[in-house]
Structures are given as structure tokens and as C-alpha cells.
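Colleague: I am attaching a structure below and will ask some questions about it afterwards.
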């Protein structure tokens, strides 16, 4: 049997870890990944923070003045907890170490799955996913999120916002804030977008609920979502 493909998946907190754990999604994701590794495909899964990040940041801010760096550290530790959950679910095939800094893991070794968390203050897990893709020589990142496309504006606030099927990094950077701040809600954060542009990494933003759509992406078929390159 020939070797399969390698994928980096940015598992958005909004889809996997919303107000409560999205058990239904996590179960379906687990079953999906199990099927894919039987095809010899390999995955690096970067866990986002989700609602727990916001709750910790808000709690601290109600008591004292909190720096952006400390807010980021709260978010990073939330992603580490979520990454441990994903790694535990996928334990049989996953590296037992959570990938929580850039040089901690450099190859798949005997494992089919690596689970990563946030690394350092100053960016979201989008940046981690893009940097991993560059380091592992994987040409794209699949970003599973609540949104099924990148839109011309925040579709939750502006009903007239239109979905975008393909956009180049320069145009995308014009759509979003120039700087990262903790809790920034954009499909791909500005620091990650700049890195992806520099490293020539493609990011595909898709709704996380439709795993058949994810399968189409992985097989090179037609899919619904936004390609950023």
C-alpha cells in the first residue's frame, strides 16, 4: 500500500469547543480521522481555545487590569487543555506529547497523528498551524471553523456580507485588522496571514460541521469554502 497524504488541520474553538464541549462533533471527527488513518493519511491537528478562553480572560479582567500578554497566556493554556482532550480521544494513534512549542516535535515518527496547542503570546493557533505546515513542508492548512466561508464583512453582524470563494493574501489582509489582539475573531489572524503569504502556504477555510466537505478537500474534489493563497 502506498503512503497516504499529510494534512494540517486547524480545529477551531468555535466549532469544537463552543460554550460547552461539542461532543457530537468531536465524536464524528474522531470517527472520521480513524477512517482516514486507515488509508495511511497523517494529521497534525491544532486545537483552538474556544469559549473557555474568553471566560478566563473575562474573569481576570473583571478583577484587575490584565495585559494582552497575560490574556494570550490564558488562551494558550486553554488550547493546551483542549489539545489534551483531542489527544486523549485519538490516543491509540497519536503522539503522546502535545506539540506546544515549535521545536518540540519535528516529524511524525511512528504516529499517524500529532496534536498541537498554542505556543506563545502574540498570535492565535492559526499562526501555529501555518508555521507547522511550513516546517513539515505541507503546502496547505485546512481551517475548520463555525463560518463556512470567508466573508466580505462579519456575516453575523452584517447580513449583506457575501461569501468569498478565493482570495489572495494581500486582499485578505486589507479586510481584517492589521494587528493581533487577544480574542480577535477573524478567519485567519493577521500574523498567521502574513506568515502564510511569506511561506507560500494556502489556507482553506471551511465550516467544520460538514465532514463530507472536508473529505472532498482531502481527496482533491469540489468543496464549499474559501481558498486563501
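Numbering (my numbering), first residue to last: 32 to 260.
By construction, the Cβ of each residue, glycine as well, lies at the ideal position given by its N, Cα and C atoms.
Looking at residue 62 and the ligand HEM, is the gap between the Cβ and the nearest heavy atom below 8 Å?
Modeller: Questions concerning the ligand HEM fall outside what the structure shown contains, since it holds no ligand whatsoever.
Colleague: Is it buried or exposed, residue 127, if we count other Cβ atoms within 10 angstroms and call 16 or more buried?
Modeller: Flag for residue 127 reads exposed.
Colleague: Throw me the rounded Cβ distance for the residue 130 and residue 145 pair, which I believe falls under 8 Å.
Modeller: So it is a contact: roughly 5 Å between Cβ atoms.
Colleague: Tell me whether residue 48 is buried or exposed, calling it buried when 16 or more other Cβ atoms sit within 10 Å of its Cβ.
Modeller: Label assigned to residue 48: buried.
Colleague: Among the residues of its own chain, which have a CB less than 6 Å from the CB of residue 174, if the five just before and after it don't count?
Modeller: Hits under 6 Å: 41, 234, 236.
Colleague: Could you check which residue in 139, 121, 186 has the C-alpha nearest to that of residue 35?
Modeller: Comparing Cα positions, the closest option is 139.
Colleague: Which of helix, strand or coil does DSSP assign to residue 217?
Modeller: Here residue 217 sits in coil by DSSP.
Colleague: What is the DSSP secondary structure of residue 244, reduced to helix, strand or coil?
Modeller: Note: residue 244 maps to helix in three-state DSSP.
Colleague: Relative to the alpha-carbon of residue 172, which residue among 191, 238, 160 has its alpha-carbon at the smallest distance?
Modeller: It is 160.
Colleague: Check for me: the alpha helix (DSSP H) holding residue 130 runs from which residue to which?
Modeller: Counting along the chain, residue 130 falls outside any alpha helix (DSSP H), and DSSP gives it neither H nor E.
Colleague: Buried or exposed: which applies to residue 251, given that a residue is buried once 16 or more other Cβ atoms fall within 10 Å of its Cβ?
Modeller: That one is exposed.
Colleague: Taking the alpha-carbon positions, what's the residue 91 to residue 69 distance?
Modeller: C-alpha separation (whole angstroms): 44 Å.
Colleague: So, using beta-carbon positions, are residue 155 and residue 106 closer together than 9 Å?
Modeller: Against a cut-off of 9 Å, the Cβ pair of residue 106 and residue 155 comes out as a contact.
Colleague: Report the partner residues of residue 182 according to the DSSP bridge assignment.
Modeller: Partner(s): 194.
Colleague: Do you know how far the Cα of residue 38 is from the Cα of residue 75?
Modeller: Answer to the nearest angstrom: the Cα atoms are 6 Å apart.
Colleague: Per DSSP, what kind of secondary structure is residue 39 in: helix, strand or coil?
Modeller: Strand at residue 39.
Colleague: For my contact list, residue 204 and residue 218 are in at a C-beta cut-off of 8 Å; report their separation, rounded to the angstrom.
Modeller: In fact, because the Cβ distance is near 12 Å, the residues do not count as touching under 8 Å.
Colleague: Helix, strand or coil for residue 51 per DSSP?
Modeller: DSSP places residue 51 in coil when its eight states are reduced to three.
Colleague: Between the C-alpha atoms of residue 226 and residue 168, what's the straight-line distance to the nearest angstrom?
Modeller: In a straight line, the C-alpha of residue 226 is about 14 Å away from that of residue 168.
Colleague: Between the region 115-122 and the region 80-96, can you find at least three pairs of beta-carbon atoms closer than 8 Å?
Modeller: The region 80-96 vs the region 115-122: no contact.
Colleague: Over the uninterrupted alpha helix (DSSP H) stretch that includes residue 117, give me the two end residues.
Modeller: Here the alpha helix (DSSP H) through residue 117 covers 99-120.
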